[in-house]
Amino acid sequence: MESLSPAQPPAASEARCPAHPQKPVLGACARCGTFFCEYDRETVNGKDYCDTCAEHPDVDYLEAFRLKYWGKRDAWTWLVGFGAVFNFFAGAIILANELVNKDTGNTGLLLGLIALVGSGVGVCFWMGMPFARLALCFVPIASLFVSGFVAGAEAVGRGIWPVIITFVMYNNTRNKLFFKEEVSREALQKAWHLYSNNTVARAGFMLSFLSLLIGVLAPISLLCSIIGLRRVNPTATPPVGRKGQAIAGIVISSVSLVGWGTFFGATLLKMLLR
Ligand SMILES: [Zn+2]
Ligand SMILES: [Zn+2]
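In structure tokens:
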């Protein structure tokens with residue numbers, strides 16, 4: 013701080029921070045243009061902002077995305093909830109059958125118990141109890157183990173899918189947010205891209221493939237893709253991407269539109285000339 017002694021007059025070109033006059037300006041906020049110094053500069057997603065703008069949901073859109081889904085049930089959770097109800101009845105039926113007939117040995121008893129325990133874990137999962145997130149992964153593994161001993165390789169082939177699905181769910185960012193698990197910025201970025209980045213362009217792109225089979229969808233997918241393309245703005249906060257998908261959607265929709273248009277036109281002409 014020796015260099016800033018009162019004897020030394022400040023350089024004319026050296027602007028001072030409006031909030032901290034003792035500090036030189038380092039730059040201007042990318043959102044509102046206010047000058048900032050080292051005290052109020054905040055870097056978010058690679059851009060510099062003033063400290064007020066840095067907390068704005070448009071700027072820290074990943075944080076806004078995180079808060080939006082924090083503690084909120086996702087589709088997976090509802091699936092587990094419904095699965096728990098199903099498992100409860102399945103387990104009860106298996107157990108009742110076992111107790112009445114007593115002809116399948118202890119395996120049926122064990123599978124019925126696994127279904128009931130799985131149902132309980134599923135309910136805890138639906139309620140967002142932290143232990144249930146990992147515990148649920150063991151339910152299909154346990155039933156795979158037991159059924160594998162009884163029915164052999166065929167049952168293992170069928171039972172492997174629930175194991176894979178629970179593993180995918182365990183690693184799903186939206187589901188982690190429901191359980192209020194910390195998620196990396198990278199994972200947030202990926203989830204944001206999937207759920208929030210130019211959803212119109214994404215819908216248009218996906219519908220355009222469907223329009224090749226169902227011609228009436230072509231105008232809708234074309235419209236979505238055009239709107240999506242117009243929205244693309246990589247430098248906005250938050251950025252709007254999916255330019256490639258929007259262009260591909262326009263091309264595929266146009267092909268579908270021309271193809272189905274020719275088909276319907278020809279059919280109509282045939283009918284009129286008959
Ligand atoms: Zn600002
Ligand atoms: Zn300042």
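Under my numbering, the first residue of the sequence shown carries the number 13, and numbering increases by one thereafter.
Even for Gly, the Cβ is constructed at its ideal location relative to N, Cα and C.
Reduced DSSP secondary structure (H/G/I, E/B, other) of residue i
i	result
Arg254	coil
Lys84	coil
Asn245	strand
Arg140	Sequence inspection shows Gly at residue 140; the Arg mentioned does not correspond to that position. The answer is coil: DSSP assigns Gly140 none of H, G, I, E or B.
Glu54	strand
Cys62	strand
Arg186	helix
His205	helix
Lys282	helix
Asn118	helix
Leu226	This sequence places Ile at residue 226; Leu is not what is there. Note: Ile226 maps to coil in three-state DSSP.
Any non-hydrogen atom of ligand 3 within 6 Å of residue i CB
i	result
Thr55	Although ligand 3 was asked about, the structure shown includes only ligand 1 and ligand 2 as ligands.
Nearest-angstrom beta carbon gap, residue j and residue i [assumed within contact, 8 Å]
i	j	result
Pro36	Ala27	7 Å
Pro250	Asp70	7 Å
Phe101	Trp204	With 8 Å as the limit, Phe101 and Trp204 do not qualify as a contact, their Cβ atoms being about 38 Å apart.
Leu74	Leu219	Going by Cβ atoms, the distance from Leu74 to Leu219 rounds to 28 Å, so no, they are not a contact pair.
Val151	Ile126	7 Å
Heavy atom of ligand 1 within 6 Å of residue i beta-carbon
i	result
Arg43	yes
Cys49	no
Thr46	yes
Check: residue i C-beta below 6 Å from any heavy atom of ligand 2
i	result
Asp60	no
His32	yes
Asp63	no
Asp52	yes
Cys149	no
Cys29	yes
Beta-bridge pairing of residue i - partner residues as DSSP gives them
i	result
Phe47	Ala40
Arg28	Pro36
Could you tell me whether the segment 49-63 touches the segment 104-114, where touching means 3 or more Cβ pairs closer than 8 Å? No: the two stretches stay apart, fewer than three of their Cβ pairs being nearer than 8 Å.
Contact between the segment 226-238 and the segment 182-193: three or more CB pairs below 8 Å? no
The segment 170-188 / the segment 48-56 touching (three or more Cβ pairs under 8 Å): no
Do three or more CB pairs link the segment 115-135 to the segment 91-102 at distances below 8 Å? yes
At a cut of 8 Å, does the segment 236-245 reach the segment 194-204 through at least three beta carbon pairs? Taking a cut-off of 8 Å for Cβ pairs, the segment 236-245 and the segment 194-204 do not touch, as fewer than three such pairs fall below it.
Counting Cβ pairs, one atom from each stretch, are 3 or more of them under 8 Å apart for the segment 216-224 and the segment 262-279? yes
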